[in-house]
Amino acid sequence: MTREAAHYPDHTDAVRFYGPQIAEDPAALYQQMRQRGPVVPILLDGDMPAWFVLGYREVHHITNNPQWFARDCRRWNIYDQIPGDWPLIPYVGWTPSVMFAEGAEHHRRAGAIGDALHEVNRTELIATCAKVADRLIDGFVGNGTADLITEYAYQIPARVIARLFGLPDADVPALVQDVFDSLDSDDNAAQAHQRVHARMQQLVADKHAHPGRDVPSRMLAHPAQLTDDEVVIDLLVMMAAAQAPTGNWIGNTLRLMLVDDEFSVTLQGGRSSAAQALNEVLWKDTPTQNFIGRWAVQDCQLGGRTIRKGDLLVLGLAAANTDPQVLPHSHSDSGNNRAHMSFGHGEHGCPWPAPELAETIAKTAVEVLIDRLPDVTLAAPPDDLQWRPSVWMRGLFTLPVVFTPTLPPHQAGR
Numbered sequence: 143m144t145r146e147a148a149h150y151p152d153h154t155d156a157v158r159f160y161g162p163q164i165a166e167d168p169a170a171l172y173q174q175m176r177q178r179g180p181v182v183p184i185l186l187d188g189d190m191p192a193w194f195v196l197g198y199r200e201v202h203h204i205t206n207n208p209q210w211f212a213r214d215c216r217r218w219n220i221y222d223q224i225p226g227d228w229p230l231i232p233y234v235g236w237t238p239s240v241m242f243a244e245g246a247e248h249h250r251r252a253g254a255i256g257d258a259l260h261e262v263n264r265t266e267l268i269a270t271c272a273k274v275a276d277r278l279i280d281g282f283v284g285n286g287t288a289d290l291i292t293e294y295a296y297q298i299p300a301r302v303i304a305r306l307f308g309l310p311d312a313d314v315p316a317l318v319q320d321v322f323d324s325l326d327s328d329d330n331a332a333q334a335h336q337r338v339h340a341r342m343q344q345l346v347a348d349k350h351a352h353p354g355r356d357v358p359s360r361m362l363a364h365p366a367q368l369t370d371d372e373v374v375i376d377l378l379v380m381m382a383a384a385q386a387p388t389g390n391w392i393g394n395t396l397r398l399m400l401v402d403d404e405f406s407v408t409l410q411g412g413r414s415s416a417a418q419a420l421n422e423v424l425w426k427d428t429p430t431q432n433f434i435g436r437w438a439v440q441d442c443q444l445g446g447r448t449i450r451k452g453d454l455l456v457l458g459l460a461a462a463n464t465d466p467q468v469l470p471h472s473h474s475d476s477g478n479n480r481a482h483m484s485f486g487h488g489e490h491g492c493p494w495p496a497p498e499l500a501e502t503i504a505k506t507a508v509e510v511l512i513d514r515l516p517d518v519t520l521a522a523p524p525d526d527l528q529w530r531p532s533v534w535m536r537g538l539f540t541l542p543v544v545f546t547p548t549l550p551p552h553q554a555g556r
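The sequence shown begins at 143 in our numbering and counts up one residue at a time.
Encoded structure:
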């Protein structure tokens, strides 16, 4: 046990919340941890102590009370002892972004983002999503086989967001690749992030000179009077927040529709179950499993535990969604139930209307695929599909499928 953990007497029997084996069966892990209560002591990478909050009511309480559980990571009572190369630095390294802003400053920043997103024309968004999806399918429809993760689900969010940001079509492929690379953990991630950052800086400069009907232009013109640096870093936050969660949402939904008998029947018949499948995934296989986090503003009691000022609380979003006290019994129950925690909750949840726009992107992606590949089936046994070994995000490595090959519309003379 590290010196930091030794100062936490309640963590002598803490659960190690890292390592490849910890993510093998997250549902079983959460069920096992739930036996210890709604709040459980854990050790993050390097045995750094934290609290895992897996009760739905407790997660709701934390996210609903930012005056007691705040977002500024510099409140962490061992923040000065965290090494610079700690694996979770991307989650807790402070930046002057909307992610870590609090109070009036957060309202100012999040309000500008929400207003800029609210102005996105929904009809145009659906058309953009459909165009992106169709072009991707055109690339593999003649093969009769595809990997719906790397060739489809992961490609769509960044391509759509790039268009909402008003980027020229010629710039999109390189930006999309850099977004992918920046979210990896290899040596290229830092350089890719720098390139994305530089592209957002240039984009903001371009929008000053030539404003348009796009998100950056609306943020620059907003009454919140955001600085260029604020717009740049919040555009980066939006890009990252949209890419992996939405890509995994699409992929997890397609998997569900291909392996679950209740959904696969309607998969062959049309779109009727797409919305239910999307919502079922948020309850049962939500892309964002766990979230770092909140920091206690003062000593308090939570779920029968004594939380000290500055303690880190990890929000178990997936565990809260599967809390037996709130979990719908089946997709027929969850179809109209949007009380899940998959987008967070409270003022630091995903700013409205981001969840609605993400759902539009995901739903359009699923529906276009169903329309274009009506006989698509898995090319591997369901048990052979491998989840990425992460306790933070829930997504597949691959989703191999087969279907009847056809010519793309432009080659078929249509």
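Even glycine gets a Cβ: it sits at the ideal position worked out from N, Cα and C.
- Taking a C-beta distance under 9 Å as the contact criterion, Leu527 and Thr519 do not qualify as a contact pair.
- Nearest Cα to Glu247 within the set Met381, Pro516, Ala170 and Gln367: Gln367.
- Here Lys451 is exposed: its Cβ has fewer than 16 other Cβ atoms, across all protein chains shown, within 10 Å.
- Shown here, Gln163 sits in a helix according to DSSP, grouped into three states.
- With respect to Met399, Met342 sits apart: the two C-beta atoms are not nearer than 9 Å.
- Sequence-distant partners of Ala272 (beyond 5 residues in either direction) whose C-beta falls short of 6 Å from its own C-beta, in its chain, are Thr506 and Val510.
- Distance between Gly179 and Asp187, taken at the CA atoms: about 22 Å.
- Annotation for Gly435: the continuous beta strand (DSSP E) segment containing it runs Phe433 to Ala438.
- Across the set Val544, Arg536, Pro550 and Pro516, the C-alpha of Arg536 shows the shortest separation from the C-alpha of Pro168.
- Relative to the Cα of Arg360, the nearest Cα in the group Pro542, Ile204, Val262 and Ala340 belongs to Val262.
- Taken through DSSP and simplified to helix, strand or coil, Val543 comes out as strand.
- Within the model, the alpha-carbon separation for Phe242 versus Ala522 is close to 42 Å.
- In this structure Val373 is in contact with Val346, their Cβ atoms being roughly 5 Å apart against a cut-off of 8 Å.
- Residues of the same chain with a CB within less than 6 Å of the CB of Arg436, apart from the 5 flanking positions on each side, are Ile204, Phe211 and Leu455 in chain order.
- Restricting attention to beta strand (DSSP E) runs no shorter than 3 residues, the stretch 257-307 encloses them at 287-289, ordered along the chain.
- DSSP, reduced to helix, strand and coil, places Cys492 outside both helices and strands of the structure shown, so it counts as coil.
- The residue from Asp313, Ile279, Ala269 and Gln431 with its alpha-carbon nearest to that of Arg530 is Gln431.
- In this structure, His482 sits away from Asn206, with a CB-CB distance that is not shorter than 9 Å.
- With respect to Leu444, Gln385 sits apart: the two C-beta atoms are not nearer than 9 Å.
- DSSP places Thr548 in the coil class of the three-state scheme, outside both helix and strand.
- A contact between stretches requires three or more CB pairs, one per stretch, nearer than 8 Å, and the stretch 216-227 fails this requirement with the stretch 485-505.
- Residue range Tyr198 to Thr205 is occupied by the alpha helix (DSSP H) that includes Thr205, with no beta strand (DSSP E) assigned at that position.
- For Arg216, there is no enclosing alpha helix (DSSP H), since its DSSP letter is neither H nor E.
- Of the candidates Val234, Glu404 and Val321, Val321 places its Cα closest to the Cα of Gly389.
- Between His335 and the set Arg305, Leu306, Ala252 and Leu377, the nearest pair of CA atoms involves Leu377.
- Here DSSP, grouped into helix, strand and coil, assigns Thr237 to coil.
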